[in-house]
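Below is one structure, written out as C-alpha coordinates; comments come after it.
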Amino acid sequence: GVRRQSSLMQLAMLSTILSSSVGPGRSVLERETLADIRATRFGGIAMGGKVRRQLLVPKAETQGGEGLSPVEKIQQRLGYSRFDSSDFIILEKIGEITFGEAAPTSVFVGGGSSIRLYAARLSPDRAVYESGEQASQTLVLREHTKAASDLGVREWAAYRHMGLDEYQPAATNSEPESFMAVLGAFVTQTVDAESDDEMSVWTVTRLKDLDRDGLSLAYEMYDLQLGTEKILNIFRRVAKGAVKGLLTTHQEGLAHGGIDSSTIMVTKGDLSNNQEMEMIGAGLSNFGYAAKLGSKDDKTAMPFLSAAKLAASAGKRGLDNDPVLAGSVARKEDMRRLAVALVEILFASLNLSSGFLTTGPAAAAGGGGGGGERRPLSGSAKQQLPAKNLGELIPLDGGLEAWRSLKEQARATASGVGANDYPGIEQLCEIFGADSNAGWEFIELLVGMQEGANPLLQLTRASTHRFIAV
4 GVRRQSSLMQ
14 LAMLSTILSS
24 SVGPGRSVLE
34 RETLADIRAT
44 RFGGIAMGGK
54 VRRQLLVPKA
64 ETQGGEGLSP
74 VEKIQQRLGY
84 SRFDSSDFII
94 LEKIGEITFG
104 EAAPTSVFVG
114 GGSSIRLYAA
124 RLSPDRAVYE
134 SGEQASQTLV
144 LREHTKAASD
154 LGVREWAAYR
164 HMGLDEYQPA
174 ATNSEPESFM
184 AVLGAFVTQT
194 VDAESDDEMS
204 VWTVTRLKDL
214 DRDGLSLAYE
224 MYDLQLGTEK
234 ILNIFRRVAK
244 GAVKGLLTTH
254 QEGLAHGGID
264 SSTIMVTKGD
274 LSNNQEMEMI
284 GAGLSNFGYA
294 AKLGSKDDKT
304 AMPFLSAAKL
314 AASAGKRGLD
324 NDPVLAGSVA
334 RKEDMRRLAV
344 ALVEILFASL
354 NLSSGFLTTG
364 PAAAAGGGGG
374 GGERRPLSGS
384 AKQQLPAKNL
394 GELIPLDGGL
404 EAWRSLKEQA
414 RATASGVGAN
424 DYPGIEQLCE
434 IFGADSNAGW
444 EFIELLVGMQ
454 EGANPLLQLT
464 RASTHRFIAV
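In the working numbering, the protein residues as written are 4 to 473.
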(Lines of atoms letter the chains of each structure in order from A and count residues from 1; the text may use other names and numbers.)
(Lines give C-alpha, C1' and ligand atoms only; values in the text may rest on other atoms or scores of the structure.)
Protein backbone atom coordinates (compact mmCIF):
# COMPACT_ATOMS: atom_id res chain seq x y z
CA GLY A 1 0.00 0.00 0.00
CA VAL A 2 0.91 3.66 -0.20
CA ARG A 3 2.74 4.69 2.95
CA ARG A 4 2.22 7.93 4.83
CA GLN A 5 4.69 10.73 4.29
CA SER A 6 4.92 12.21 7.77
CA SER A 7 6.98 9.63 9.64
CA LEU A 8 10.72 9.63 9.87
CA MET A 9 10.62 5.87 10.06
CA GLN A 10 9.16 5.35 6.62
CA LEU A 11 12.34 6.75 5.13
CA ALA A 12 14.04 3.44 5.82
CA MET A 13 12.26 0.51 4.22
CA LEU A 14 15.27 -1.54 5.14
CA SER A 15 14.40 -4.98 3.97
CA THR A 16 14.00 -3.72 0.40
CA ILE A 17 16.89 -1.29 0.33
CA LEU A 18 19.45 -3.50 2.00
CA SER A 19 18.52 -6.73 0.25
CA SER A 20 18.74 -5.04 -3.13
CA SER A 21 22.17 -3.63 -2.33
CA VAL A 22 23.52 -6.82 -0.80
CA GLY A 23 22.28 -9.15 -3.49
CA PRO A 24 20.48 -12.52 -3.37
CA GLY A 25 21.60 -14.99 -0.76
CA ARG A 26 23.82 -12.53 1.12
CA SER A 27 23.19 -11.45 4.67
CA VAL A 28 23.20 -7.78 5.61
CA LEU A 29 25.86 -8.63 8.17
CA GLU A 30 28.10 -9.98 5.40
CA ARG A 31 27.87 -6.73 3.48
CA GLU A 32 31.16 -5.42 4.82
CA THR A 33 33.12 -8.46 3.60
CA LEU A 34 32.24 -8.05 -0.08
CA ALA A 35 35.15 -7.14 -2.30
CA ASP A 36 33.36 -4.20 -3.92
CA ILE A 37 32.88 -2.29 -0.65
CA ARG A 38 34.91 0.85 -0.47
CA ALA A 39 36.84 1.35 2.76
CA THR A 40 35.91 5.00 3.17
CA ARG A 41 36.07 6.23 6.72
CA PHE A 42 34.83 9.45 8.21
CA GLY A 43 34.75 10.86 11.71
CA GLY A 44 36.18 7.70 13.21
CA ILE A 45 33.45 5.51 11.67
CA ALA A 46 34.42 2.98 9.01
CA MET A 47 32.17 2.31 6.04
CA GLY A 48 32.75 -1.32 5.23
CA GLY A 49 36.38 -1.28 6.36
CA LYS A 50 38.35 -1.69 9.55
CA VAL A 51 37.55 0.76 12.30
CA ARG A 52 40.33 3.21 13.07
CA ARG A 53 40.30 5.63 15.94
CA GLN A 54 41.11 9.16 14.94
CA LEU A 55 41.16 12.45 16.79
CA LEU A 56 38.35 14.38 15.20
CA VAL A 57 39.61 17.83 16.16
CA PRO A 58 43.11 18.16 17.65
CA LYS A 59 43.13 19.47 21.19
CA ALA A 60 45.31 22.34 20.03
CA GLU A 61 42.49 23.65 17.89
CA THR A 62 40.38 24.83 20.76
CA GLN A 63 38.02 27.75 20.35
CA GLY A 64 36.82 30.53 22.58
CA GLY A 65 39.70 30.11 25.00
CA GLU A 66 37.75 27.49 26.97
CA GLY A 67 40.27 24.68 26.46
CA LEU A 68 37.67 22.45 24.77
CA SER A 69 37.57 21.27 21.17
CA PRO A 70 34.27 21.57 19.24
CA VAL A 71 33.55 17.89 19.74
CA GLU A 72 34.23 18.16 23.48
CA LYS A 73 31.87 21.11 23.81
CA ILE A 74 29.02 19.09 22.35
CA GLN A 75 30.02 15.99 24.30
CA GLN A 76 29.79 18.01 27.49
CA ARG A 77 26.14 18.79 26.68
CA LEU A 78 25.48 15.23 25.54
CA GLY A 79 26.76 13.53 28.67
CA TYR A 80 28.04 10.01 29.14
CA SER A 81 27.33 7.20 26.67
CA ARG A 82 28.99 3.80 26.57
CA PHE A 83 29.45 4.07 22.79
CA ASP A 84 31.76 6.21 20.70
CA SER A 85 32.35 6.57 16.97
CA SER A 86 34.94 3.78 16.83
CA ASP A 87 32.44 1.15 17.98
CA PHE A 88 30.59 0.77 14.66
CA ILE A 89 30.91 -0.33 11.06
CA ILE A 90 28.42 1.28 8.72
CA LEU A 91 26.71 -1.02 6.21
CA GLU A 92 24.58 1.38 4.19
CA LYS A 93 23.00 4.81 4.24
CA ILE A 94 19.29 4.05 4.30
CA GLY A 95 17.51 7.40 4.41
CA GLU A 96 17.51 11.07 5.31
CA ILE A 97 14.97 13.54 6.60
CA THR A 98 15.55 17.24 6.04
CA PHE A 99 14.04 19.95 8.20
CA GLY A 100 12.12 23.01 7.18
CA GLU A 101 9.11 25.00 8.32
CA ALA A 102 6.99 21.86 8.84
CA ALA A 103 8.77 20.64 11.98
CA PRO A 104 6.70 18.74 14.61
CA THR A 105 6.38 21.97 16.60
CA SER A 106 6.88 25.60 15.69
CA VAL A 107 10.28 25.38 17.38
CA PHE A 108 12.13 25.74 14.09
CA VAL A 109 15.04 23.34 13.64
CA GLY A 110 16.92 25.16 10.91
CA GLY A 111 17.05 25.00 7.14
CA GLY A 112 19.72 22.75 5.69
CA SER A 113 19.88 20.47 8.71
CA SER A 114 18.90 16.84 8.50
CA ILE A 115 18.91 13.43 10.15
CA ARG A 116 20.69 10.78 8.11
CA LEU A 117 20.01 7.11 8.82
CA TYR A 118 22.65 4.40 8.44
CA ALA A 119 22.41 0.65 9.00
CA ALA A 120 25.39 -0.45 11.08
CA ARG A 121 26.79 -3.14 13.32
CA LEU A 122 29.23 -3.24 16.19
CA SER A 123 32.87 -3.34 15.13
CA PRO A 124 34.77 -6.56 15.89
CA ASP A 125 36.77 -4.76 18.56
CA ARG A 126 33.57 -3.60 20.30
CA ALA A 127 31.56 -6.78 19.72
CA VAL A 128 33.90 -8.86 21.87
CA TYR A 129 32.53 -7.03 24.90
CA GLU A 130 28.97 -8.12 24.12
CA SER A 131 27.57 -11.62 24.62
CA GLY A 132 25.62 -13.83 22.26
CA GLU A 133 22.99 -12.12 20.15
CA GLN A 134 23.90 -8.73 21.60
CA ALA A 135 27.11 -8.72 19.55
CA SER A 136 25.51 -9.53 16.18
CA GLN A 137 22.56 -7.15 16.03
CA THR A 138 22.07 -4.78 13.10
CA LEU A 139 21.61 -1.26 14.43
CA VAL A 140 20.67 2.13 13.04
CA LEU A 141 22.84 5.20 13.51
CA ARG A 142 21.06 8.54 13.16
CA GLU A 143 23.35 11.43 12.29
CA HIS A 144 21.88 14.76 13.38
CA THR A 145 23.56 17.47 11.33
CA LYS A 146 23.87 21.23 11.86
CA ALA A 147 20.98 22.65 13.89
CA ALA A 148 19.37 19.20 14.09
CA SER A 149 22.25 18.16 16.34
CA ASP A 150 20.30 19.81 19.16
CA LEU A 151 17.57 17.21 18.62
CA GLY A 152 20.07 14.42 19.17
CA VAL A 153 21.47 16.10 22.27
CA ARG A 154 18.00 16.57 23.77
CA GLU A 155 16.89 13.03 22.96
CA TRP A 156 19.86 11.37 24.64
CA ALA A 157 19.70 13.84 27.53
CA ALA A 158 16.03 12.91 28.04
CA TYR A 159 16.84 9.20 28.16
CA ARG A 160 19.65 9.79 30.65
CA HIS A 161 17.45 12.10 32.72
CA MET A 162 14.74 9.42 32.95
CA GLY A 163 17.20 6.60 33.68
CA LEU A 164 16.62 4.94 30.29
CA ASP A 165 20.29 4.72 29.28
CA GLU A 166 20.85 0.98 29.69
CA TYR A 167 19.13 -0.46 26.59
CA GLN A 168 21.08 -3.29 24.91
CA PRO A 169 21.56 -3.99 21.17
CA ALA A 170 19.00 -6.81 21.43
CA ALA A 171 15.79 -6.52 23.44
CA THR A 172 15.70 -7.99 26.95
CA ASN A 173 12.77 -8.95 29.15
CA SER A 174 13.73 -6.43 31.81
CA GLU A 175 13.86 -3.28 29.66
CA PRO A 176 11.15 -0.59 29.83
CA GLU A 177 8.43 -1.13 27.21
CA SER A 178 7.00 2.39 27.19
CA PHE A 179 9.84 3.92 25.17
CA MET A 180 11.61 3.10 21.93
CA ALA A 181 15.13 1.90 22.69
CA VAL A 182 17.95 4.42 22.28
CA LEU A 183 21.23 2.72 23.11
CA GLY A 184 23.60 5.66 23.23
CA ALA A 185 24.95 8.76 21.51
CA PHE A 186 28.26 10.20 20.38
CA VAL A 187 29.78 13.11 18.47
CA THR A 188 31.85 13.13 15.28
CA GLN A 189 32.81 15.48 12.53
CA THR A 190 29.89 15.75 10.09
CA VAL A 191 29.98 13.51 7.05
CA ASP A 192 30.84 15.72 4.06
CA ALA A 193 31.51 18.57 6.48
CA GLU A 194 31.90 22.04 5.02
CA SER A 195 34.43 22.95 7.72
CA ASP A 196 36.66 21.13 10.20
CA ASP A 197 34.61 22.23 13.18
CA GLU A 198 31.23 21.12 11.81
CA MET A 199 30.02 18.41 14.17
CA SER A 200 27.12 15.94 14.18
CA VAL A 201 25.41 14.18 17.05
CA TRP A 202 24.66 10.50 16.45
CA THR A 203 22.12 8.39 18.31
CA VAL A 204 22.06 4.59 18.25
CA THR A 205 18.80 2.66 17.79
CA ARG A 206 17.73 -0.81 16.67
CA LEU A 207 17.03 -1.88 13.11
CA LYS A 208 13.93 -3.78 14.17
CA ASP A 209 12.32 -0.61 15.49
CA LEU A 210 12.19 1.11 12.10
CA ASP A 211 8.75 1.33 10.52
CA ARG A 212 7.04 0.16 13.71
CA ASP A 213 5.25 3.42 14.42
CA GLY A 214 1.56 3.74 15.15
CA LEU A 215 0.37 4.52 11.63
CA SER A 216 2.31 1.63 10.12
CA LEU A 217 0.65 -0.66 12.65
CA ALA A 218 -2.76 0.83 11.78
CA TYR A 219 -2.29 0.28 8.05
CA GLU A 220 -1.22 -3.29 8.69
CA MET A 221 -4.33 -3.90 10.80
CA TYR A 222 -6.50 -2.62 7.98
CA ASP A 223 -4.66 -4.71 5.36
CA LEU A 224 -5.25 -7.81 7.49
CA GLN A 225 -8.96 -6.92 7.80
CA LEU A 226 -8.94 -7.63 11.51
CA GLY A 227 -12.25 -7.86 13.32
CA THR A 228 -13.53 -5.16 15.66
CA GLU A 229 -12.63 -7.06 18.84
CA LYS A 230 -9.01 -7.58 17.77
CA ILE A 231 -8.64 -3.94 16.71
CA LEU A 232 -10.08 -2.87 20.08
CA ASN A 233 -7.67 -5.05 22.05
CA ILE A 234 -4.63 -3.90 20.07
CA PHE A 235 -5.66 -0.26 20.27
CA ARG A 236 -6.10 -0.54 24.03
CA ARG A 237 -2.58 -1.92 24.39
CA VAL A 238 -1.08 0.79 22.21
CA ALA A 239 -2.93 3.50 24.15
CA LYS A 240 -1.87 2.00 27.48
CA GLY A 241 1.83 1.99 26.57
CA ALA A 242 1.77 5.49 25.11
CA VAL A 243 -0.03 6.99 28.13
CA LYS A 244 2.32 5.19 30.52
CA GLY A 245 5.30 6.59 28.60
CA LEU A 246 3.94 10.13 28.74
CA LEU A 247 3.11 9.84 32.45
CA THR A 248 6.68 8.71 33.18
CA THR A 249 8.02 11.61 31.11
CA HIS A 250 5.94 14.16 33.03
CA GLN A 251 6.70 12.60 36.40
CA GLU A 252 10.40 12.94 35.60
CA GLY A 253 9.95 16.66 35.01
CA LEU A 254 9.99 16.73 31.21
CA ALA A 255 7.47 17.46 28.47
CA HIS A 256 7.80 15.55 25.19
CA GLY A 257 7.00 18.46 22.91
CA GLY A 258 6.51 16.67 19.59
CA ILE A 259 4.01 13.82 19.95
CA ASP A 260 2.26 12.62 16.81
CA SER A 261 1.24 9.24 15.40
CA SER A 262 4.81 8.61 14.18
CA THR A 263 6.29 9.00 17.68
CA ILE A 264 4.09 6.24 19.13
CA MET A 265 6.08 3.06 18.59
CA VAL A 266 5.33 -0.65 18.87
CA THR A 267 7.95 -1.92 21.32
CA LYS A 268 6.77 -5.50 21.73
CA GLY A 269 4.78 -8.06 19.75
CA ASP A 270 3.39 -7.79 16.23
CA LEU A 271 0.45 -8.86 14.05
CA SER A 272 1.94 -12.13 12.80
CA ASN A 273 -0.33 -14.32 14.91
CA ASN A 274 -2.83 -14.17 17.76
CA GLN A 275 -0.22 -14.80 20.43
CA GLU A 276 1.96 -11.93 19.25
CA MET A 277 -1.09 -9.64 18.99
CA GLU A 278 -1.91 -10.31 22.62
CA MET A 279 1.65 -9.31 23.60
CA ILE A 280 1.73 -5.97 21.77
CA GLY A 281 3.24 -3.15 23.78
CA ALA A 282 3.85 0.44 22.78
CA GLY A 283 5.63 3.56 23.91
CA LEU A 284 7.03 6.94 22.91
CA SER A 285 10.02 7.93 20.77
CA ASN A 286 11.70 11.03 19.32
CA PHE A 287 12.43 13.27 22.31
CA GLY A 288 14.24 15.91 20.27
CA TYR A 289 11.80 18.62 21.38
CA ALA A 290 11.82 17.70 25.07
CA ALA A 291 11.38 20.62 27.48
CA LYS A 292 12.29 20.90 31.15
CA LEU A 293 9.20 21.59 33.21
CA GLY A 294 9.66 24.30 35.80
CA SER A 295 12.63 25.86 34.02
CA LYS A 296 12.78 29.64 34.41
CA ASP A 297 14.55 30.34 31.13
CA ASP A 298 16.54 28.75 28.31
CA LYS A 299 19.71 28.68 30.41
CA THR A 300 18.21 26.76 33.33
CA ALA A 301 16.48 24.40 30.91
CA MET A 302 19.66 23.36 29.09
CA PRO A 303 20.13 21.04 27.30
CA PHE A 304 16.34 20.91 26.97
CA LEU A 305 13.92 23.53 25.66
CA SER A 306 12.19 25.75 28.17
CA ALA A 307 8.56 25.05 29.00
CA ALA A 308 7.71 28.59 27.85
CA LYS A 309 9.05 27.79 24.38
CA LEU A 310 6.80 24.75 24.09
CA ALA A 311 3.86 26.75 25.41
CA ALA A 312 4.52 29.38 22.74
CA SER A 313 4.56 26.70 20.05
CA ALA A 314 1.09 25.68 21.31
CA GLY A 315 -0.14 29.27 20.88
CA LYS A 316 0.33 30.41 24.51
CA ARG A 317 2.96 33.12 24.25
CA GLY A 318 4.28 35.48 26.90
CA LEU A 319 4.81 32.91 29.65
CA ASP A 320 8.57 33.35 30.00
CA ASN A 321 8.12 34.81 33.49
CA ASP A 322 5.57 32.22 34.62
CA PRO A 323 7.30 28.79 34.54
CA VAL A 324 4.49 27.11 36.47
CA LEU A 325 1.81 28.10 33.97
CA ALA A 326 4.14 27.41 31.05
CA GLY A 327 4.76 23.92 32.40
CA SER A 328 1.03 23.31 32.80
CA VAL A 329 0.42 24.36 29.19
CA ALA A 330 3.26 22.11 27.96
CA ARG A 331 1.78 19.14 29.83
CA LYS A 332 -1.72 19.80 28.47
CA GLU A 333 -0.42 20.13 24.93
CA ASP A 334 1.40 16.79 25.26
CA MET A 335 -1.84 15.18 26.39
CA ARG A 336 -3.86 16.75 23.57
CA ARG A 337 -1.32 15.69 20.96
CA LEU A 338 -1.30 12.15 22.36
CA ALA A 339 -5.09 11.97 22.13
CA VAL A 340 -5.03 13.19 18.53
CA ALA A 341 -2.30 10.69 17.63
CA LEU A 342 -4.25 7.78 19.14
CA VAL A 343 -7.44 8.77 17.33
CA GLU A 344 -5.48 9.05 14.07
CA ILE A 345 -4.17 5.52 14.57
CA LEU A 346 -7.67 4.16 15.15
CA PHE A 347 -9.08 6.03 12.15
CA ALA A 348 -6.31 4.61 9.95
CA SER A 349 -6.88 1.05 11.18
CA LEU A 350 -10.51 1.40 10.04
CA ASN A 351 -9.67 3.22 6.79
CA LEU A 352 -11.95 5.99 8.03
CA SER A 353 -11.98 9.60 6.84
CA SER A 354 -12.89 12.49 9.13
CA GLY A 355 -15.13 13.94 6.41
CA PHE A 356 -18.27 13.06 8.38
CA LEU A 357 -17.57 16.03 10.63
CA THR A 358 -19.86 18.66 9.18
CA THR A 359 -21.20 20.78 12.04
CA GLY A 360 -20.40 21.94 15.54
CA PRO A 361 -17.11 22.93 17.22
CA ALA A 362 -15.05 20.17 15.62
CA ALA A 363 -15.94 21.00 12.02
CA ALA A 364 -15.84 24.73 12.68
CA ALA A 365 -12.25 24.38 13.83
CA GLY A 366 -11.28 23.76 10.26
CA GLY A 367 -11.42 20.35 8.81
CA GLY A 368 -14.61 18.43 8.29
CA GLY A 369 -16.62 17.75 5.21
CA GLY A 370 -16.21 21.15 3.63
CA GLY A 371 -19.27 23.20 2.64
CA GLY A 372 -21.44 21.29 5.09
CA GLU A 373 -21.70 18.26 2.80
CA ARG A 374 -20.72 14.73 3.62
CA ARG A 375 -18.13 13.44 1.20
CA PRO A 376 -17.54 9.72 0.65
CA LEU A 377 -14.01 8.38 0.50
CA SER A 378 -12.43 8.42 -2.93
CA GLY A 379 -9.91 5.62 -3.22
CA SER A 380 -7.86 4.25 -0.36
CA ALA A 381 -7.62 6.31 2.80
CA LYS A 382 -3.91 5.53 2.69
CA GLN A 383 -3.62 8.20 0.01
CA GLN A 384 -4.33 10.86 2.60
CA LEU A 385 -3.98 11.08 6.35
CA PRO A 386 -7.09 9.12 7.43
CA ALA A 387 -7.72 11.45 10.35
CA LYS A 388 -7.03 14.54 8.27
CA ASN A 389 -6.96 17.79 10.27
CA LEU A 390 -7.77 16.12 13.58
CA GLY A 391 -5.11 18.23 15.24
CA GLU A 392 -7.07 21.32 14.22
CA LEU A 393 -10.41 19.71 14.96
CA ILE A 394 -9.43 19.10 18.58
CA PRO A 395 -7.74 22.32 19.77
CA LEU A 396 -5.95 22.96 23.06
CA ASP A 397 -8.71 25.31 24.16
CA GLY A 398 -12.16 23.80 23.71
CA GLY A 399 -10.89 20.25 23.17
CA LEU A 400 -13.56 18.69 25.35
CA GLU A 401 -16.42 20.37 23.45
CA ALA A 402 -14.83 19.45 20.13
CA TRP A 403 -14.41 15.82 21.14
CA ARG A 404 -18.00 15.55 22.33
CA SER A 405 -19.15 17.09 19.06
CA LEU A 406 -17.11 14.52 17.15
CA LYS A 407 -18.70 11.76 19.22
CA GLU A 408 -22.24 12.92 18.49
CA GLN A 409 -21.56 13.33 14.77
CA ALA A 410 -19.93 9.91 14.59
CA ARG A 411 -22.94 8.31 16.27
CA ALA A 412 -25.38 10.16 14.04
CA THR A 413 -23.45 9.11 10.93
CA ALA A 414 -23.22 5.48 12.07
CA SER A 415 -26.97 5.26 12.70
CA GLY A 416 -28.02 7.13 9.54
CA VAL A 417 -27.67 6.92 5.79
CA GLY A 418 -24.13 8.32 6.03
CA ALA A 419 -22.88 4.98 7.34
CA ASN A 420 -22.65 3.72 3.75
CA ASP A 421 -20.38 6.64 2.83
CA TYR A 422 -18.04 6.00 5.75
CA PRO A 423 -17.26 2.31 6.14
CA GLY A 424 -15.61 1.96 9.51
CA ILE A 425 -17.75 4.54 11.30
CA GLU A 426 -19.84 1.85 12.98
CA GLN A 427 -16.68 0.08 14.16
CA LEU A 428 -15.35 3.38 15.51
CA CYS A 429 -18.48 3.86 17.60
CA GLU A 430 -18.42 0.24 18.74
CA ILE A 431 -14.77 0.49 19.84
CA PHE A 432 -15.10 3.79 21.68
CA GLY A 433 -18.49 2.75 23.05
CA ALA A 434 -17.26 -0.52 24.53
CA ASP A 435 -17.63 -0.98 28.28
CA SER A 436 -20.21 1.78 28.70
CA ASN A 437 -18.48 4.39 26.49
CA ALA A 438 -15.08 3.81 28.08
CA GLY A 439 -13.18 4.85 24.95
CA TRP A 440 -15.00 8.17 24.57
CA GLU A 441 -14.36 8.91 28.26
CA PHE A 442 -10.69 7.94 28.03
CA ILE A 443 -10.01 10.45 25.24
CA GLU A 444 -11.99 13.07 27.17
CA LEU A 445 -9.46 12.79 30.00
CA LEU A 446 -6.65 13.66 27.60
CA VAL A 447 -8.33 16.55 25.76
CA GLY A 448 -10.71 17.87 28.42
CA MET A 449 -8.33 20.07 30.36
CA GLN A 450 -10.43 22.83 31.89
CA GLU A 451 -8.96 26.04 33.29
CA GLY A 452 -7.18 25.31 36.57
CA ALA A 453 -7.25 21.53 36.16
CA ASN A 454 -4.16 19.60 37.28
CA PRO A 455 -2.73 17.95 34.13
CA LEU A 456 -0.53 15.48 36.00
CA LEU A 457 -3.47 14.29 38.09
CA GLN A 458 -5.66 13.95 35.01
CA LEU A 459 -2.97 12.05 33.11
CA THR A 460 -2.60 9.72 36.09
CA ARG A 461 -6.35 9.08 35.97
CA ALA A 462 -6.09 8.33 32.26
CA SER A 463 -3.26 5.84 32.90
CA THR A 464 -5.54 3.78 35.17
CA HIS A 465 -8.76 4.19 33.17
CA ARG A 466 -10.78 1.02 32.59
CA PHE A 467 -10.52 1.43 28.79
CA ILE A 468 -6.82 0.54 28.89
CA ALA A 469 -6.99 -1.94 31.78
CA VAL A 470 -5.57 -4.80 29.69
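Quick reminder that beta carbons are idealized off the backbone N, C-alpha and C, glycines included.
Counting only runs of 4+ residues, the alpha helix (DSSP H) found wholly inside the stretch 183 to 255 occupies 217 to 226, 231 to 254, in chain order.
Straight across, the Cα-Cα distance linking V156 with A329 is about 22 angstroms.
The DSSP-derived three-state label of G82 is coil. Non-local beta-carbon contacts of P306 in its own chain, meaning distances under 7 angstroms to residues more than five positions away in sequence, involve R80, V156, R157, A160 in chain order.
Segment contact: the stretch 298 to 316 against the stretch 262 to 269, fewer than three CB-CB distances shorter than 8 angstroms; contact not assigned. Under DSSP, V143 takes part in a beta bridge, and its partners are A122, T208. Around the C-beta of A317, 16 or more other C-beta atoms lie within 10 Å, and the residue is accordingly described as buried. For G217, same chain residues with a beta-carbon under 6 angstroms away, outside a window of 5 residues either side, are S264, I267, I348 in chain order. L399 sits in coil when the DSSP states are folded into three classes, being neither helix nor strand. With a beta-carbon spacing of about 15 angstroms, V190 and I118 fall beyond the 8 angstroms limit used to define contacts. Residues of the same chain with their beta carbon placed closer than 8 angstroms to that of S275 are lacking, with the five preceding and five following residues left out of the count.
In terms of Cβ geometry, F102 and A150 form a close pair [threshold 9 angstroms]. Note on geometry: alpha-carbon atoms of S331 and P458 lie some 7 angstroms from one another.
Under the criterion of beta carbons closer than 8 angstroms, A333 and A294 qualify as touching, at roughly 6 angstroms. Checking the DSSP bridge columns, you'll see A285 partnered with V269. When the Cα atoms are used, A351 and G256 turn out to be separated by approximately 32 angstroms. Here DSSP, grouped into helix, strand and coil, assigns E133 to coil.
The beta carbons of R215 and V269 sit closer together than 9 angstroms.
For T463, the enclosing alpha helix (DSSP H) starts and ends at 458 to 466. Counting only residues of its own chain and dropping the five nearest sequence neighbours on each side, L227 has a CB closer than 8 angstroms to the CB of L274.
Of the candidates Y222, E279, G358, L296, the residue whose Cα lies closest to the Cα of H253 is L296. It is roughly 12 angstroms from the alpha-carbon of L71 to the alpha-carbon of D200. Of all alpha-carbon atoms in G421, R407, I434, the one lying nearest the alpha-carbon of E447 is that of R407.
When secondary structure is reduced to three states using DSSP, I100 falls in the strand class. Rounded to the nearest whole angstrom, the C-alpha separation of S88 and L235 is 44 angstroms. Contact between L341 and L449 holds, since their C-beta atoms are separated by about 6 angstroms, short of 8 angstroms.
Judged by their CB atoms, T141 and R163 are not nearer to each other than the 9 angstroms cut-off. Counting every other CB atom within 10 Å of its CB across the protein chains shown gives L460 a total below 16, marking it as exposed.
Bounds of the alpha helix (DSSP H) holding V343 are 326 to 352.
Residue burial is scored here from C-beta neighbours: A456 has fewer than 16 other C-beta atoms within 10 angstroms and is therefore classed as exposed. The alpha-carbon separation between T416 and H468 amounts to approximately 27 angstroms.
C-alpha of Y292 to C-alpha of V420: approximately 44 angstroms in a straight line. The beta carbon of D301 sits closer than 6 angstroms to those of S309, all from its chain and outside the five residues before and after it, given in chain order. Residue L220 holds the alpha-carbon nearest to the alpha-carbon of A344 among P326, I428, A441, L220. Burial check for Y425: the Cβ neighbour count within 10 Å reaches 16 or more, so the residue is buried.
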